[in-house]
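Protein chains in written order, with the working numbering: chain X, 192 to 383; chain C, 192 to 383; chain V, 192 to 383; chain Z, 192 to 383. Worksheet: one structure, shown below.
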DNA sequence: TATGAATGAGCGTTCATTCAT
DNA sequence: GATGAATGAACGCTCATTCAT
């Protein structure tokens, strides 16, 4: 049974990396099987279809981020520090962009409706966690109470996603240290 | 000749909307033809392959945004007003998200290398225009000279993209009026 | 009317050379039209189908050879000289091989049944002319009366066809002057 | 593994007979599969393309003849007997004509360049074997040393090919017993 | 009459899925 | 359970033929 779960995980891991690298339609079941070190037929002992595998990797992606967020949020640190942690997480994790709203949209045509809904719920949850963090900031007095927390969450997610993508795009390097980014988010780019 | 160009455009329009709706691999040439009101073979009088059609819709997408940005930037208005215009543009134009960095990344596996490069150059150009706007803001004294213009551009693109996506995602509605968003970008969410 | 026939001939000439060069299935109507200097649609004013064009070029091929043979046979010269003429004809005319029995067999799958029959009749006729020549040789006392004229005809046609093909195959050059070949046919390769 | 080779052979056999019967372009992969008793997709488990199948049947054809010739030549019999054997072989083997020079020329437009070259080399080899036989005849004193062995080879191949074709062409029957043919080749049709 | 843009039947090939071993 | 050989539905693309101009 432990072995069963392990093999299942192997297949998902293999699939996830191939899907990311080549996209859904350019990834063949045979490749997933080979990379997972099993036979093609074996894949179908663990999953009923390629679709199901994809669905699951999508949900996984969101879940991974969700868990990280939960974990960060549960720490006994300030809002500012939590944001900093989030940025670190995102910086090393390409999956962040994919897991956020645009990940859902990008794959809308590939994932099954059911899973789109599930992902959207997950994204909702993630937004809720971030909103909680922001509310903590408001309580701590570091975040302005004049702006809706959801809007702020949107800003954080979108901006940090673009930072990641920007950096990944063709190895272009812009000086983007965390401190600067956080200052930018907190203070905006306007002259005071 | 005029008719030739018109039919070509019809096919591209049909293709663009189907690609957006169903993705590249789920869109059949036959559907593109039907929606454009022509026969399957006719498509190949205007394009040499499905790939070529896709490539062209991608470049188009970027070009459309690029032109809008150029146009906005050429107006004799303040930086703040330009940003406002950009947000309006984006708000009505789903293509914005697709045209920015993540549009390139999303389709990396589908578009031909050549076109990925072309798109990246376009994206570069777009960033350059936005950077110019920001520099105008710096000159006008409304934008802080302490932050790199590229970083600010990244913030604007990412955030506004996420706003669009967020809104489009399953009709969820958050109060996001332009003034609020612009204030958020200029002043951040930190307490002053 | 004269113009009509001329254009028809142009198309056939164009088709014949393309069919020879690239084969039936690799030759497109568009190419035939272009090489004949007419529009694609025009071809169908003169022929009802690609098949018909091919059929006609096949019959033509045989007819051309048939006419040459008739002409040679009608001359007031000896059998030996006639053979010599035939070899000259063949040497400069690739169509010979194609027009003989193996030309029919090669194209059996492409030409319509009706035309296969027509060609076979033509080939029959050609054989009859050659048989007549041989009979002349028998009368002249230069050809042995012990061998069936048809068998001899077969020898002449087959051998000279292979000489042509052999020479055309990849520009290989073997010394094959007419005198030697004719001696070989008359006397065989056996030691006397 | 034995089964693999068997199925591969089945497909080749099916293809060969269909190609012969209907030509390359009129033979559908589906037919080849059906005749071989397998599914369409299975064909592609054994070959990468229709072209490859065709190429292989072509090379096979030449190889079969090549082997027969080698075998005949290796026997401890006189040149005259070897020729007799060759004629017998050809009489039962339609592939002979296809395997000789004109087989290569006929399919020049269909086979891949690479395989045309390979076939031409095979044909070269076949000619070399026949030349060896002829040289044996010269040594035995039955073949005239005054004629180039290559020319004689050409005569033998061409003539015997035409005999085969002539006979196969629509069931026409001419009295062509081996002895007569061999006498014709050795002594020619001239009066001594 | 001449044209070439439009057409769609037809085919080679791919690949997710099945099932006998 | 594990496998991979076998399968056939599905789709991109070609090109002979048609027909409006």
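In this text, a Cβ means the ideal position worked out from N, Cα and C, and glycines have one as well. Model, not experiment: these values are computed from the prediction.
Spatial neighbours of residue i in its chain, beta-carbon cut-off 7 Å, leaving aside the 5 residues before and after
i	result
residue 326/C	340
residue 200/Z	none
residue 241/X	220
residue 372/Z	278, 354
residue 208/X	none
residue 224/X	230, 231, 233, 234
residue 316/V	257
residue 218/V	209, 210
residue 333/V	270, 271
residue 215/Z	245, 301
residue 259/Z	280
residue 309/V	250
residue 261/V	320
residue 222/X	209
residue 295/X	307, 310, 311, 314
Same chain, Cβ closer than 6 Å to residue i, five either side skipped, listed in chain order
i	result
residue 318/V	344
residue 321/V	344
residue 361/C	Confidence is the limiting factor: at residue 361/C the pLDDT is only 49, short of 50, which leaves the residue's position unreliable, though a coordinate-based value still follows. Taken in chain order, the list of residues that qualify is empty.
residue 226/V	205
residue 337/C	none
residue 197/V	none
Distance cut-off 7 Å: residue i Cβ against heavy atoms of the ligand SAH
i	result
residue 322/Z	Ligands are entirely absent from the displayed structure, and the ligand SAH is therefore not among its contents.
Buried versus exposed call for residue i [16 or more other C-beta atoms within 10 Å across all chains shown]
i	result
residue 324/V	buried
residue 301/Z	buried
residue 265/Z	exposed
residue 228/X	exposed
residue 379/X	buried
residue 298/X	buried
residue 352/X	buried
residue 252/V	buried
residue 192/X	exposed
Own chain partners of residue i with C-beta closer than 8 Å, once the 5 adjacent residues on each side are dropped
i	result
residue 376/X	274, 346, 347, 350
residue 268/Z	276
residue 329/Z	335, 336, 340
residue 382/C	none
residue 203/C	244, 247, 248, 251
- Touching by the beta-carbon criterion (3+ pairs, under 8 Å), the segment 265–283 of chain V and the segment 223–243 of chain V: The count of Cβ pairs closer than 8 Å, one atom from the segment 265–283 of chain V and one from the segment 223–243 of chain V, stays below three, leaving the stretches out of contact.
- Message: Check whether the segment 304–322 of chain Z and the segment 246–253 of chain Z are in contact - that is, three or more C-beta pairs closer than 8 Å.
- Response: Taking 8 Å as the limit for Cβ pairs, the verdict is that the segment 246–253 of chain Z does touch the segment 304–322 of chain Z.
- Members of the segment 329–350 of chain V near chain Z, C-beta cut-off 7 Å: Near chain Z, meaning a CB-to-CB distance below 7 Å, the residues of the segment 329–350 of chain V are 332, 333, 334, 335, 338, 339, 341, 342, 343, 345, 346, 348, 349, 350.
- Which of the residues in the segment 220–249 of chain Z, read from start to end, lie with their CB under 9 Å from any CB of chain V? Listed by position, the residues of the segment 220–249 of chain Z near chain V (Cβ gap below 9 Å) amount to none.
- Note down, in chain order, all residues in the segment 293–306 of chain C with a beta-carbon under 7 Å from any beta-carbon belonging to chain X. Taking 7 Å as the cut-off between beta carbons, the residues of the segment 293–306 of chain C near chain X are 293, 295, 296, 297, 300, 301, in sequence order.
- Ignoring anything shorter than 4 residues or poking outside the segment 221–270 of chain V, list the alpha helix (DSSP H) runs there in chain order. Counting whole runs of 4 or more residues, the segment 221–270 of chain V contains the alpha helix (DSSP H) stretches 231–237, 241–265.
- Query: In chain order, what residues of the segment 370–383 of chain Z put their CB closer than 9 Å to some CB of chain V?
  - Reply: Within the segment 370–383 of chain Z, the qualifying residues are 371, 372, 374, 375, 376, 377, 378, 379, 380, 381, 382, 383.
- Between the segment 251–271 of chain V and chain Z, which residues of the former have CB atoms less than 7 Å from a CB of the latter, in chain order? Cβ contacts with chain Z: none found.
- Task: Return the residues of the segment 203–219 of chain V that lie within a Cβ-Cβ distance of less than 7 Å from chain Z, sorted by chain order.
- Result: Cβ contacts with chain Z: 213, 214, 216, 217.
- Query: Which ranges does the alpha helix (DSSP H) cover as unbroken runs of at least 4 residues, wholly within the segment 328–378 of chain Z, from first to last along the chain?
  - Reply: Entirely contained in the segment 328–378 of chain Z, the alpha helix (DSSP H) runs reaching 4 residues are, in chain order, 340–359, 369–378.
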